Amino acid sequence: MGDLGWIAYPKNGWEEIGEVDENYAPIHTYQVCKVMEQNQNNWLLTSWISNEGASRIFIELKFTLRDCNSLPGGLGTCKETFNMYYFESDDEDGRNIRENQYIKIDTIAADESFTELDLGDRVMKLNTEVRDVGPLTKKGFYLAFQDVGACIALVSVRVYYKKCPSVIRNLARFPDTITGADSSQLLEVSGVCVNHSVTDEAPKMHCSAEGEWLVPIGKCLCKAGYEEKNNTCQVCRPGFFKASPHSPSCSKCPPHSYTLDEASTSCLCEEHYFRRESDPPTMACTTPSPVSSVKKGKITKNSISLSWQEPDRPNGIILEYEIKYFEKDQETSYTIIKSKETTITADGLKPGSAYVFQIRARTAAGYGGFSRRFEFETSPVLAASSDQSQIPIIVVSVTVGVILLAVVIGFLLSGSCCDHGCGWASSLRAVAYPSLIWRCGYSKAKQDPEEEKMHFHNGHIKLPGVRTYIDPHTYEDPNQAVHEFAKEIEASCITIERVIGAGEFGEVCSGRLKLQGKREFPVAIKTLKVGYTEKQRRDFLGEASIMGQFDHPNIIHLEGVVTKSKPVMIVTEYMENGSLDTFLKKNDGQFTVIQLVGMLRGIASGMKYLSDMGYVHRDLAARNILINSNLVCKVSDFGLSRVLEDDPEAAYTTRGGKIPIRWTAPEAIAFRKFTSASDVWSYGIVMWEVMSYGERPYWEMTNQDVIKAVEEGYRLPSPMDCPAALYQLMLDCWQKDRNSRPKFDEIVSMLDKLIRNPSSLKTLVNASSRVSNLLVEHSPVGSGAYRSVGEWLEAIKMGRYTEIFMENGYSSMDSVAQVTLEDLRRLGVTLVGHQKKIMNSLQEMKVQLVNGMVPL
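In structure tokens:
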């Protein structure tokens, strides 16, 4: 059996040779060279090999083989191949089996064989071959090598399997995972949240057949009292707290509060300072500043006017007053008015009814307590002295009723008004509540312009659609918005290394950020150019005020801002691969469909988060998506709330202002109606960009041609080799009726289903479907017709292939129109990007021909 325990039969066949290398390490080879004898059948059987749970194994062979022509006499019986077999077994007892029970893996041939001359020069021509076997169903297997008359030395046999290594991603631990039996199979693996973290969305990743982790889904969050550092959850120190898993990090206790414990979820108020039970834990503790004296003013049957004096000890400058009132004994249904003055008029009240009022003041430190309850009554309706006196009242009442009925019917018939600007608008007037104002012909009669009113019922605001995103432009002082939503960073903590691009307001650089108690890490830095105006500074920092409100793995993360020194900077996480469109163009054809779908899923997940926040992006395009080294895509560029004056993709519309025409929904172009539904349209264009590896939407068509074509019902064609399911999703995103487009949560769900079922991506859009829905692109020569093949190829910047086309008989546009993808490959057009460009141009000309536009 030899030192290795392998068995050779017959015994005079394979021979084990034991040697040592220059370091005296043992070397084993098996050799056989029975080329002088007829009908050779020499077998070499390994010992039992455990597959350790793998269902697919790989065998790497290293061997030398002699050229039969170099043997004396050129023996006709000599072979230059040998065979490899395997047999599965759960234990070592299955070793003595018959030849016909083995399953053949392959016939192995040498790329290089040696000759007698090589032997003289002591040249070793070593061949390496790798084969894989699967699916395996038992605990182990044997390998066997059959020689049928070759001169061969087997130098090395290496048996291995592939696995995705244990890793922590998004605070979830994913275990060692052996790859699947199928070479194209993706295994879905669930992650387990690391210590002190909880599930936000069930963390999952997919293990590819090559042992790589792909398509991360979901994440864990550090639980309350812990924050994420270096991919672990670390405890909040005394003096710091974290109230919710969704909070980004531990925060210092707010003014006049403290905590002495680790892992605190809130801070205690200092003595004589208080916080309401309903106040968030981030609110400072304050001493009461109640309003003590309230006087009634004019009272009518439907209104009560009040005035009061400023509190004696307001604990700072009073920013505003909050007035709460309700009908007596109806405390669960109340109204709140905010006012910067010490007078208000509450109107719309019931005649002859008692109302309870309470008032409190707000300073920079927070709200004081409500005043004691003040009760006032509206004037009653006076009764008439006789039945005769009731007649005019009845007539008036009926008349008013008819008028009111007409008004109500008018409102019902004009229900679509809210599609043209009506609706609830939110602005930030106070820390505690966003104010809500109905803007559909409503007039605040008798109400001071500084007052804001909200209605509550059973603890809930009686107005729909309250958004969680706060527009920083509603702040009177933009600096207040920046410092509320973005962290100030000391300039000394930042090291700028190199310029990587130019932004609207200045340079974009890469560098490193070193914060106290943290390791230095790479960041991207936007700088505000010298000589800026105050408006430019406000617009520049406005993007940080927006970005700072978002916390999602597919939204670019804001690290902080530098505003107290120059240059003014915005610091974000660093995305190694830059913008998605440029990255795809550089890597044309290099990714699997699953990888591309994973990118699209990440973008959709980020947009779902923004949509849920009530934020409309307006400029969703591949150029505004950043991608890191793990192929994670993140939505960026939150600047379209300002006019796009410098964007080369923007175009003036008839209504003024600049918008990116090729990515924008028709209703947003025509009526400037930007909604999450118009973002979905843009997402469909991004899908097309990704699947076409950064192709320019609508190619060289003018913006006006794009607007006209889309309005007439044309849509972009399917990219080459695009799965039908993905193209159908694009068409759904491009529905003319915005209410018919899918929501972002539906898009995420659909992409998840495709990822979990990769076979659903194998059905591609056929060529006829691509042609029938293709958009017309006017040729660069302007007439829509090409005079020669050379002119056509030059126009699409493929002139290098002119000679090849002519040499192969494609000398006219009639003959070129019949070219297929296989023809291009045969002609030597091997670059995927060039194939796509030529085929797209041909398809476009065919459509123009069908429409009677291009005489070929």
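Start counting the sequence shown at 22; every next residue gets the next number (my numbering).
We put the CB at the ideal spot given by N, CA and C, even for glycine.
Owing to the predicted nature of the structure, the values given are computational and were not obtained by experimental measurement.
- When beta bridges are read from the DSSP output, Asp153 appears opposite Phe79.
- For Glu580, the enclosing beta strand (DSSP E) stretches over residues Leu579 to Val583.
- For Phe135, DSSP records a beta bridge to Arg87.
- Within the DSSP secondary-structure output, Gln167 pairs in a beta bridge with Trp64 and Asn104.
- DSSP, reduced to helix, strand and coil, places Gln330 outside both helices and strands of the structure shown, so it counts as coil.
- Under the DSSP assignment, His504 falls outside any beta strand (DSSP E), being part of the alpha helix (DSSP H) whose first and last residues are Pro499 to Phe506.
- Cβ-Cβ distances below 7 Å link Cys514 to Leu534, Lys535 and Leu536 in the same chain, with the five nearest sequence neighbours on each side left out; the list follows chain order.
- The segment 602–664 contains, as complete beta strand (DSSP E) runs of 3+ residues, the segments 646–648 and 654–656 (chain order).
- Where Gly811 is concerned, the enclosing alpha helix (DSSP H) starts and stops at Val810 to Ala816.
- Here the segment 192–202 makes no contact with the segment 166–174; the two share fewer than three CB pairs at distances below 8 Å.
- Judged by DSSP secondary structure, Met590 falls within the beta strand (DSSP E) whose first and last residues are Met590 to Glu594.
- In the DSSP assignment, Gly563 falls within the alpha helix (DSSP H) that extends over Glu555 to Met568.
- Rounded to whole angstroms, the gap between the alpha carbons of His504 and Glu352 is 37 Å.
- Counting only runs of 3+ residues, the beta strand (DSSP E) found wholly inside the segment 194–260 occupies 208–211, 218–228, 234–243, 247–250 and 253–256, in chain order.
- When rounded, the separation of the alpha-carbon atoms in Lys606 and Ala686 is 25 Å.
- Per the Cβ contact rule, the segment 734–753 is not in contact with the segment 623–641 (fewer than 3 Cβ pairs under 8 Å).
- Val637 counts as buried, since at least 16 other C-beta atoms from the protein chains shown sit within 10 angstroms of its C-beta.
- In the DSSP assignment, Arg846 falls outside any beta strand (DSSP E) and within the unbroken alpha helix (DSSP H) covering Leu842 to Leu848.
- At a Cβ-Cβ threshold of 8 Å, Lys550 and Gly527 count as neighbours.
- Distances from the CA of Ser278 to each of Gly532, Arg717, Ala305 and Asp368 were compared; the closest alpha carbon is that of Ala305.
- With respect to Ile546, Glu564 sits apart: the two C-beta atoms are not nearer than 8 Å.
- Taking a C-beta distance under 8 Å as the contact criterion, Ile325 and Thr399 qualify as a contact pair.
- In the three-state reduction of the DSSP assignment, Asn724 falls in the helix class, which pools H, G and I.
- DSSP places Gly522 within a strand segment (E or B) once states are collapsed to three.
- The beta-bridge partner set that DSSP reports for Leu289 consists of Tyr279.
- In the three-state scheme derived from DSSP, where H, G and I count as helix and E and B as strand, Gln52 is classed as strand.
- By the neighbour-count criterion, in which a residue is buried when 16 or more other Cβ atoms sit within 10 angstroms of its Cβ, His293 is exposed.
- Between the alpha carbons of Ile129 and Val853 lies a gap of roughly 33 Å.
- Note that the segment 380–397 touches the segment 309–318; at least 3 beta-carbon pairs, one per stretch, sit closer than 8 Å.
- Going by C-alpha positions, Tyr355 is about 6 Å away from Tyr346.
- Collapsing the DSSP output to three states places Val853 in a helix.
- Apart from the 5 residues on each side of it in sequence, Thr823 sits with its Cβ closer than 7 Å to the Cβ of Val810, Gly811 and Leu814 in its chain, given in chain order.
- The three-state reading of DSSP puts Phe162 in strand, counting E and B together.
- With 16 or more other Cβ atoms inside 10 Å of its own Cβ, Ala131 counts as buried.
- Contact annotation: Met722 and Met751 have beta-carbon atoms that are not nearer than 8 Å.
- Here Ser392 is not bridged, per DSSP, to any residue.
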